[in-house]
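Heads up: the sequence lines are chains A and B, in that order.
So that you can map any letter, position 540 of the first sequence is 540 in the UniProt record's numbering, and since no number is skipped, the others follow by simple counting.
So that you can map any letter, position 52 of the second sequence is 52 in the UniProt record's numbering, and since no number is skipped, the others follow by simple counting.
Each remark here refers to the structure printed beneath this line.
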Amino acid sequence: MPVTLLVLIPLLPLIGFLINGIGFRHIPKGAVGLIGSLAALGSFAASVAVLLAFKEGGSQPMIVSLFDWIKVGELNIPFSFQVDQLSLLMLMIITGVGSLIHIYSIGYMKHDPGFGKFFSFLNLFLFFMLLLVLGSNYVIMFIGWEGVGLCSYLLIGFWNKNTDFNNAARKAFIMNRIGDLGFLLGIFTIIHAFGSVEYTEVFRQATGLPVGDHVVFAITMLLFVGAMGKSAQIPLYTWLPDAMAGPTPVSALIHAATMVTAGIYMVIRSNVLYTLAPETLEIVAVVGAVTAIFAASIGLLQNDIKKVLAYSTVSQLGYMFLGLGVMAYSASMFHVITHAFFKALLFLGAGSVIHAMSDEQDIRFMGGLRKKLPITFITFAVATWAIAGLPPFAGFFSKDEILAHAFEHNKLLWGIGVLGSALTSFYMFRLLFLTFFGSFRGTHEQEHHLHESPAAMTIPLVILALLSAVGGFIGVPEALGGTHQLAEFMSPLFDTARQVNPEAFAATALTHSEEWILMAVSVAVALIAAVIAYVMYISRSAVPAPESEARTGVENVVYHKYYIDELYDTVFVKPMKSLSGVLSSFGEFVIDLFVEGTGKLVKGLSNLGRQTQTGSIGYYVFAMVVGIVVILFWNLLLN
Amino acid sequence: MQEPSIPDIIQLIPLKSYLILSTALFVIGILGVLIRRNAIVIFMSVELMLNSVNLLLIAFSSYKSDPSAQVFVFFIMAVAAAEVAVGLAIIVMIYRNTRTIDIGFLNKLKG
Chain A
1 MPVTLLVLIP LLPLIGFLIN GIGFRHIPKG AVGLIGSLAA LGSFAASVAV
51 LLAFKEGGSQ PMIVSLFDWI KVGELNIPFS FQVDQLSLLM LMIITGVGSL
101 IHIYSIGYMK HDPGFGKFFS FLNLFLFFML LLVLGSNYVI MFIGWEGVGL
151 CSYLLIGFWN KNTDFNNAAR KAFIMNRIGD LGFLLGIFTI IHAFGSVEYT
201 EVFRQATGLP VGDHVVFAIT MLLFVGAMGK SAQIPLYTWL PDAMAGPTPV
251 SALIHAATMV TAGIYMVIRS NVLYTLAPET LEIVAVVGAV TAIFAASIGL
301 LQNDIKKVLA YSTVSQLGYM FLGLGVMAYS ASMFHVITHA FFKALLFLGA
351 GSVIHAMSDE QDIRFMGGLR KKLPITFITF AVATWAIAGL PPFAGFFSKD
401 EILAHAFEHN KLLWGIGVLG SALTSFYMFR LLFLTFFGSF RGTHEQEHHL
451 HESPAAMTIP LVILALLSAV GGFIGVPEAL GGTHQLAEFM SPLFDTARQV
501 NPEAFAATAL THSEEWILMA VSVAVALIAA VIAYVMYISR SAVPAPESEA
551 RTGVENVVYH KYYIDELYDT VFVKPMKSLS GVLSSFGEFV IDLFVEGTGK
601 LVKGLSNLGR QTQTGSIGYY VFAMVVGIVV ILFWNLLLN
Chain B
1 MQEPSIPDII QLIPLKSYLI LSTALFVIGI LGVLIRRNAI VIFMSVELML
51 NSVNLLLIAF SSYKSDPSAQ VFVFFIMAVA AAEVAVGLAI IVMIYRNTRT
101 IDIGFLNKLK G
């Protein structure tokens, strides 16, 4: 495999970032978009080439060592890349979807004064994300992990003249920091336990440990805390809905398709460790399932088009963790891929709507847009169909695979998953119907302004719609006569894990007819939810109540997101603030004692000395004479 | 009889008397500077001190037959003359500005 090609993958976006970042006030807009998009596309081309070379080379995972990086005593951390099935899949998603979103941004951000800055940040994000998935050890993953967090912060607060947006950016950063602490402690524990951070070395040593080992449990839990932060799981999910303050392409790329799936990538990467810790997996599954249904229920009543999608993202990430928890690693990866397609598409479609509506995001003021924005409408409908889990689009295959594994593992988790899928279907169709059907509810000016987006925006939409439609066919289950190419492709990744805990990887116990029933159930509930949405919002043409109207008890609680933000504010933020207030005043007291005390001492002494300077000449002369006399006497006495 | 030279005349009086006289003059000068508040009187006291030193220098010069002390005296007189010119001008300016030459009022320089 050509090493230069591999190095080029993260290097191109970095070069793009440097060019656009250093010269963004001087480079014309056309060139900025071209440089940014070419960097992403070049990286995509290199990824495809590497994938082809990998397949030609017999699909052997390989490690490309670039240089020695950290050498401290026994610990040796090289800077090297690992190429295997998992990193290749992530590469394809990141560079593929990333390129489309870059092209889309050329149209979407056209009138923004920070155009160049935006593209340089996007490129920097790609660089760090690629580093995250390419690294061959946990430390390089951590660099990428922190880097994407930084880019997320920069891009959420991109319109930094708005204080709310800045607060959202800060919130995302701090929430992620909590998770990062867990991740960091996990890495330290790994170093302590295995004396290395290289994936291959760590997993090789881990195979010698028994299932349920305490150290592995600690490591996996700490790593999972990191994943909770980055992938917005309960209890660290509240930053993601607020992160919608950023420009819409950012929401699509970072907060839907790529960065938030880093947690899932990390768990799959560490599958050997997780397989050794069934207790952690249990926790992962429960957290995932609860997040899935909890976030979906909040999504039911939101009126901001991006907020609905944000909660939907949290909920879908919950499904992925549910899949990880029941050891359906490849199914989770499958859902990461399909989710990247349809959720990026949904966000970009929402961006197209917002663009047409002159920055209006409230679906109560939309309606009937399908005639004015036909391409956006069709692609959005495809994505809705896909995320609702209706066949034959992508979401159906990936979600059902996760649910089937969940059913096998624990019926309750499956029930929660199916209920969540009904909720998903309902809120997505509600969004679709309120936005594109019925009559227009906005102002006259907005109606006059309505237009389909330029080609730079619609072409990525169409491509993503095609992918959302057919993307599921890479993983058609055997029950439907497929071979599940994806699972086969990823299978070598789990060889080591299979060795250490063979029971967990036993072939599916479900018969084909059972699988069909499960599929039928989930499709049926999704369809029923869609029909309910149809009846409510098209037949009865209901519109969600305006802000001013009083809501009933439960509705009010859900509308206000279960008051979780307020709860966190009271339980964590306010005590923290008062504690730091106390510490700060104590610190000020001590410091004042020393610093200001010194100053006051000098001042007091000099005040005493000052008294001698009376300004009276007679006094000075007297002092002089006395001085001379004293000196004379001194001399006389000495001699 | 030949007229006696000035050093001889000076030597008619014992050195001790010169010492007492010039010390007395010097102390009077110091006391004048310390006690009086009128700037002109202070000024005169300073002159008194200078001249008491001059007297002493001349006396020693005569007794030791060494003229170099007389050179010092001339220098002191020249400098004193210049000093008087400047000092009196300052006192005149002080009087014009404050309508007084009482140094008790000139205490603006206190710390």
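Glycine included, every Cβ here is placed at the ideal spot set by N, Cα and C.
CB contact below 8 Å: residue i versus chain B
i	result
GLY615/A	yes
PHE24/A	no
7 Å Cβ cut-off: residues of chain A touching residue i
i	result
ILE103/B	ILE617 and GLY618
LEU34/B	GLY618, VAL621, PHE622 and VAL625
Proximal residues of chain A, C-beta to C-beta of residue i below 9 Å
i	result
VAL86/B	Under the 9 Å cutoff, chain A gives no residues; its nearest Cβ is about 16 Å from VAL86/B.
Any C-beta of chain A under 8 Å from that of residue i
i	result
ASN107/B	yes
ILE30/B	yes
Nearest-angstrom Cβ-Cβ length linking residue i and residue j, presumed shorter than 8 Å
i	j	result
residue 672/A	MET259/A	Past the boundaries of the shown model lies residue 672/A; chain A is included only from 1 to 639, so the question cannot be answered.
GLN233/A	LEU317/A	7 Å
LEU273/A	ILE219/A	6 Å
LYS372/A	HIS451/A	7 Å
LEU322/A	LEU423/A	So it is not a contact: roughly 14 Å between Cβ atoms.
GLY196/A	ILE268/A	Note on residue identity: the sequence assigns Ser, not Gly, to residue 196/A. Their Cβ separation, rounded to whole angstroms, is 20 Å, which puts SER196/A and ILE268/A out of contact at 8 Å.
GLU47/B	ALA80/B	7 Å
SER270/A	LEU486/A	About 20 Å; that fails the 8 Å criterion.
ALA292/A	TYR319/A	5 Å
LEU154/A	LEU345/A	That pair is no contact at about 24 Å.
ILE106/A	GLY33/A	4 Å
VAL382/A	LEU369/A	Incorrect: roughly 16 Å between the Cβ atoms, too far for contact.
TYR563/A	VAL557/A	7 Å
PHE64/A	VAL139/A	The amino acid at residue 64/A is misidentified as Phe; the sequence shows Val. With 8 Å as the limit, VAL64/A and VAL139/A do not qualify as a contact, their Cβ atoms being about 16 Å apart.
PHE433/A	TYR537/A	4 Å
GLY417/A	LEU431/A	The pair is not a contact, with the Cβ atoms about 21 Å apart (cut-off 8 Å).
TRP145/A	PHE183/A	7 Å
How do the region 305 to 314 of chain A and the region 235 to 253 of chain A stand: do at least 3 beta-carbon pairs fall below 8 Å, yes or no?
yes
Using 8 Å as the threshold, is the region 17 to 36 of chain B in touch with the region 81 to 99 of chain B, meaning 3 or more CB pairs across them?
no
Counting only Cβ-Cβ distances shorter than 7 Å, please list the residues of the region 618 to 633 of chain A near chain B, keeping chain order.
GLY618, VAL621, PHE622 and VAL625
Does the region 424 to 431 of chain A come close enough to the region 310 to 318 of chain A that 3 or more CB-CB pairs lie under 8 Å?
yes
Would you call the region 88 to 96 of chain A and the region 39 to 47 of chain A touching, i.e. three or more CB-CB distances under 8 Å?
yes
Give a yes or no on contact between the region 166 to 174 of chain A and the region 202 to 222 of chain A, applying the rule of three or more CB pairs nearer than 8 Å.
no
contact_flag[the region 3 to 13 of chain A, the region 36 to 43 of chain A] where n(CB pairs < 8 Å) is 3 or more:
yes
Examine the Cβ distances between the region 121 to 134 of chain A and the region 66 to 73 of chain A and report whether three or more of them are shorter than 8 Å.
no
Please determine if the region 220 to 228 of chain A and the region 95 to 109 of chain A are in contact, where contact requires at least 3 C-beta pairs separated by less than 8 Å.
no
Answer yes if the region 36 to 52 of chain B comes into contact with the region 62 to 72 of chain B, meaning at least three C-beta pairs across the two stretches below 8 Å, and no otherwise.
no
Given 8 Å, three or more beta-carbon pairs between the region 394 to 414 of chain A and the region 463 to 480 of chain A:
yes
Quick check: the region 433 to 445 of chain A against the region 361 to 368 of chain A, are at least 3 beta-carbon pairs closer than 8 Å?
yes
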